[in-house]
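According to UniProt numbering, the sequence shown is numbered sequentially starting from 1.
These notes concern the structure reproduced below.
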Amino acid sequence: MKAGAKLPNVTFHTRVRDESVEGPNPYRWEDKTTADYFAGKRVILFSLPGAFTPTCSTYQLPGFEKGYEEFKAHGIDEIYCMSVNDSFVMNKWAQDQKLENVKVIPDGSGEFTRKMGMLVEKDNLGFGMRSWRYAAIVNDGVIEAWFEEPGLMDNCPEDPYGVSSPENLLKYLAEAKQPELA
Numbered sequence: 001m002k003a004g005a006k007l008p009n010v011t012f013h014t015r016v017r018d019e020s021v022e023g024p025n026p027y028r029w030e031d032k033t034t035a036d037y038f039a040g041k042r043v044i045l046f047s048l049p050g051a052f053t054p055t056c057s058t059y060q061l062p063g064f065e066k067g068y069e070e071f072k073a074h075g076i077d078e079i080y081c082m083s084v085n086d087s088f089v090m091n092k093w094a095q096d097q098k099l100e101n102v103k104v105i106p107d108g109s110g111e112f113t114r115k116m117g118m119l120v121e122k123d124n125l126g127f128g129m130r131s132w133r134y135a136a137i138v139n140d141g142v143i144e145a146w147f148e149e150p151g152l153m154d155n156c157p158e159d160p161y162g163v164s165s166p167e168n169l170l171k172y173l174a175e176a177k178q179p180e181l182a
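Here you go:
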């Protein structure tokens with residue numbers, strides 16, 4: 001995938017809070033499509049190997065959460081974090097991270113990630129199939145800018161991180177901003 005490519009159309013099986021649901025788990029299933037998340041908006045999508053993992057939980061997700069207002073100032077409407085994890089795991093991770101701004105998207109079966117060409121084996125870590133780490137600026141479902149970590153491969157012995165960092169995307173947005181005409 002790269003700039004100019006349209007995102008694949010898939011359905012995500014999500015769990016959303018619903019106060020009309022009684023009991024200790026007030027959530028219901030809600031299917032959302034690629035269009036539900038991306039149509040008519042300029043967003044950041046970043047995908048990572050797994051919820052609750054060290055780099056994802058310590059740097060990448062918190063960095064996007066902390067930088068939310070700065071991203072908004074650069075014309076970003078939403079920030080989405082995706083992982084090949086189910087909705088239960090993604091919702092619990094969002095709660096654990098105390099997210100207020102970044103929204104999580106569960107790609108439990110890896111269908112979106114596979115269609116993006118970013119599904120890799122991580123059996124060397126006991127993870128199974130997961131997403132390679134990347135980020136994209138997406139405008140109305142079309143990739144505007146692409147940020148993929150180097151070394152895309154199955155069972156990579158390392159977890160490269162930097163290209164898809166919030167700091168790198170902010171730098172790109174700042175440099176891409178057109179100067180005001182005098």
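Where is the CB? At the ideal position from N, CA and C, for every residue including glycine.
Bear in mind the structure is a predicted one, so any value in this text is a computation, not a measurement.
VAL163: first and last residue of the uninterrupted beta strand (DSSP E) it sits in: Here residue 163 is taken as the residue at index 163 of the sequence shown, counted from 1. Where VAL163 is concerned, there is no enclosing beta strand (DSSP E), because DSSP gives it neither an H nor an E.
Under the three-state DSSP convention, the category LYS103 falls into: Looking up residue 103 in the sequence shown gives position 103. If DSSP states are grouped into helix, strand and coil, LYS103 belongs with the strands.
Backbone secondary structure at ALA176 - three-state DSSP: Taking the sequence shown and counting its residues from 1, one reaches residue 176 at position 176. Residue state for ALA176 is assigned as helix, using DSSP reduced to three classes.
Residues of its chain near ALA145, where Cβ-Cβ distance is below 7 Å and the 5 sequence neighbours each way are ignored: As a working mapping, residue 145 is identified with position 145 in the sequence shown. In the same chain as ALA145, and ignoring 5 residues on each side of it, the C-beta atoms closer than 7 Å to its own belong to ALA3, ALA136, ILE137, TYR172, in chain order.
Through-space distance from VAL104 to TYR37, alpha-carbon basis: As a position in the sequence shown, residue 37 is number 37, starting the count at 1. As a position in the sequence shown, residue 104 is number 104, starting the count at 1. Approximately 11 Å between the Cα atoms of the pair.
Contacts around ASP107, its chain only, beta-carbon distance under 6 Å, and the 5 residues preceding and following it disregarded: Within the sequence shown, numbered from 1, the residue matching residue 107 stands at position 107. Excluding the 5 residues flanking it on each side, ASP107 has same chain C-beta neighbours closer than 6 Å at MET82, VAL84, THR113, in chain order.
Alpha helix (DSSP H) runs contained entirely in the stretch 32-109, provided each spans 4 or more residues: Qualifying alpha helix (DSSP H) stretches, in chain order: 34-38, 61-66, 68-73, 87-96.
Nearest-angstrom Cα separation, counted from TYR134 out to GLU78: Position 78 of the sequence shown, counting from 1, holds the residue named residue 78. Position 134 of the sequence shown, counting from 1, holds the residue named residue 134. Between GLU78 and TYR134, the C-alpha separation is close to 17 Å.
PHE127 in three-state terms, based on DSSP: In the sequence shown, residue 127 corresponds to position 127, counting from 1. In the structure shown, PHE127 sits in coil (DSSP, three-state: anything other than H, G, I, E or B).
Beta carbon proximity, LYS32 to chain D, threshold 9 Å: Included in the structure is just one protein chain, with no chain D present.
Beta-ladder partner(s) of ASN139, from DSSP: For this step, residue 139 is matched to residue 139 along the sequence shown. Paired residue(s): ARG42, VAL142.
Bounding residues of the beta strand (DSSP E) (the contiguous stretch that carries GLU121): Within the sequence shown, residue 121 is the residue found at index 121, counting from 1. Following the DSSP letters along the chain, one finds GLU121 inside the beta strand (DSSP E) bounded by residues 119-121.
LYS2 in three-state terms, based on DSSP: Walking along the sequence shown from the start, residue 2 turns up at place 2. Looking at LYS2 - three-state DSSP - the assignment turns out to be coil, as it is neither helix nor strand.
GLU175 classed as buried or exposed, judged by whether at least 16 other C-beta atoms fall within 10 angstroms: Residue mapping note: residue 175 aligns to position 175 of the sequence shown, counting from 1. With fewer than 16 Cβ atoms within 10 Å of its Cβ, GLU175 is classed as exposed.
Environment of PHE64 [buried if 16+ CB atoms lie within 10 Å]: Position 64 of the sequence shown, counting from 1, holds the residue named residue 64. By the 16-neighbour rule on beta-carbons within 10 angstroms, PHE64 is buried.
Where GLU148 falls: helix, strand or coil (DSSP): As a working note, residue 148 is residue 148 in the sequence shown. DSSP places GLU148 in strand when its eight states are reduced to three.
Per DSSP, the bridge partner or partners of VAL16: On the sequence shown, residue 16 is found 16 positions in, with the first residue counted as 1. VAL16 is bridged to ARG28.
Best match in GLU70, LEU169, VAL21, ASP123 for proximity to PRO49 [C-alpha to C-alpha]: Locating residue 49 in the sequence shown gives position 49, counting from the first residue. Ranking GLU70, LEU169, VAL21, ASP123 by Cα distance to PRO49 puts ASP123 first.
Cβ neighbours of THR55 in the same chain (closer than 7 Å, five flanking residues each side left out): Counted from its first residue, the sequence shown places residue 55 at position 55. Counting only residues of its own chain and dropping the five nearest sequence neighbours on each side, THR55 has a CB closer than 7 Å to the CB of ASP159, TYR161.
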